[in-house]
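Report on one structure; see the data block that follows.
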Amino acid sequence: MRNLLLSLLSLSFLTFNCSGNDDNLPNNEPENTTTPPPPTQHFHPPTWIQGVWAWKQTSVASVQYIKFTQDDIILPNNISYSSLINQSQNTNLVLAIEKEGYSSTLYFYTETRKPATGNLYSADEFRVKKINDTLMVRYPDFSPAIYYTKQ
Numbered sequence: 829m830r831n832l833l834l835s836l837l838s839l840s841f842l843t844f845n846c847s848g849n850d851d852n853l854p855n856n857e858p859e860n861t862t863t864p865p866p867p868t869q870h871f872h873p874p875t876w877i878q879g880v881w882a883w884k885q886t887s888v889a890s891v892q893y894i895k896f897t898q899d900d901i902i903l904p905n906n907i908s909y910s911s912l913i914n915q916s917q918n919t920n921l922v923l924a925i926e927k928e929g930y931s932s933t934l935y936f937y938t939e940t941r942k943p944a945t946g947n948l949y950s951a952d953e954f955r956v957k958k959i960n961d962t963l964m965v966r967y968p969d970f971s972p973a974i975y976y977t978k979q
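In our numbering, each number is its position in the sequence shown, counted from 1, plus 828.
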């Protein structure tokens, strides 16, 4: 009986002190990454509008230029509109593009601006109508109308 108790005690001691190999267990610590996510594509201008367009407002003496690319709008002074929108995600005024659309003669989108801390927002619509391959106008017509000529 004494041998049986010693055997059971020895067996239980060995069982409790065994340690398995933990090398194959997954590491639950998050990986440290330094690669930022790719920028979001906000614009999808149709091919007929892609290129550089010039316009002159009556209140401004100089001619302004805007460039439509396959996936962006480049504002005067070579500022990427998509870049401004992506950067706004880390500021107090978040910009977003909504309701973008186009046809063979129209292109439009709505820009919304929303404070990061609040529910109020404002929206502006950009809408142009193609007159021919080198001329388009803000649509519906503003007073005075703004005409764009392709460069």
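We treat Cβ as the ideally placed atom computed from N, Cα and C, and that holds for glycine.
When the Cα atoms are used, what is the spatial distance from residue i to residue j?
i    : j    : result
N920 : E939 : 16 Å
T802 : F896 : The structure shown does not extend to residue 802, since the chain is modelled only from 829 through 979, so no value can be given for it.
Y949 : P943 : 7 Å
K927 : F936 : 8 Å
G879 : Q892 : 14 Å
R941 : N918 : 13 Å
In three-state terms, what does DSSP make of residue i?
i     : result
P1055 : Within the shown structure, residues of the chain are numbered from 829 to 979, placing residue 1055 beyond reach of any answer.
N918  : coil
T938  : strand
T962  : coil
Y976  : strand
S890  : coil
L912  : helix
Spatial neighbours of residue i within its chain, please: C-beta separation below 8 Å, excluding the five flanking residues on both sides.
i    : result
T977 : W881, A882, W883, T962, L963
V956 : I877, L934, Y935, F936, M964, V965, R966, Y967, Y976
Once you ignore the five residues that flank residue i on each side, which residues in its own chain have a CB closer than 6 Å to its CB?
i    : result
D952 : E939
F954 : Y937
I974 : W883, R966
For residue i, which option in the options has the closest C-alpha, if you only look at C-alpha atoms?
i    : options                : result
Q869 : Q915, V956, S932       : Q915
I901 : L923, A973, F871, N960 : F871
P904 : Q917, S890, Q898       : S890
N906 : A973, I894, P873, I959 : I894
Starting from the C-beta of residue i, find all residues in its chain whose C-beta is less than 7 Å away, skip the five residues before and the five after it, and write them out in chain order.
i    : result
L912 : L923
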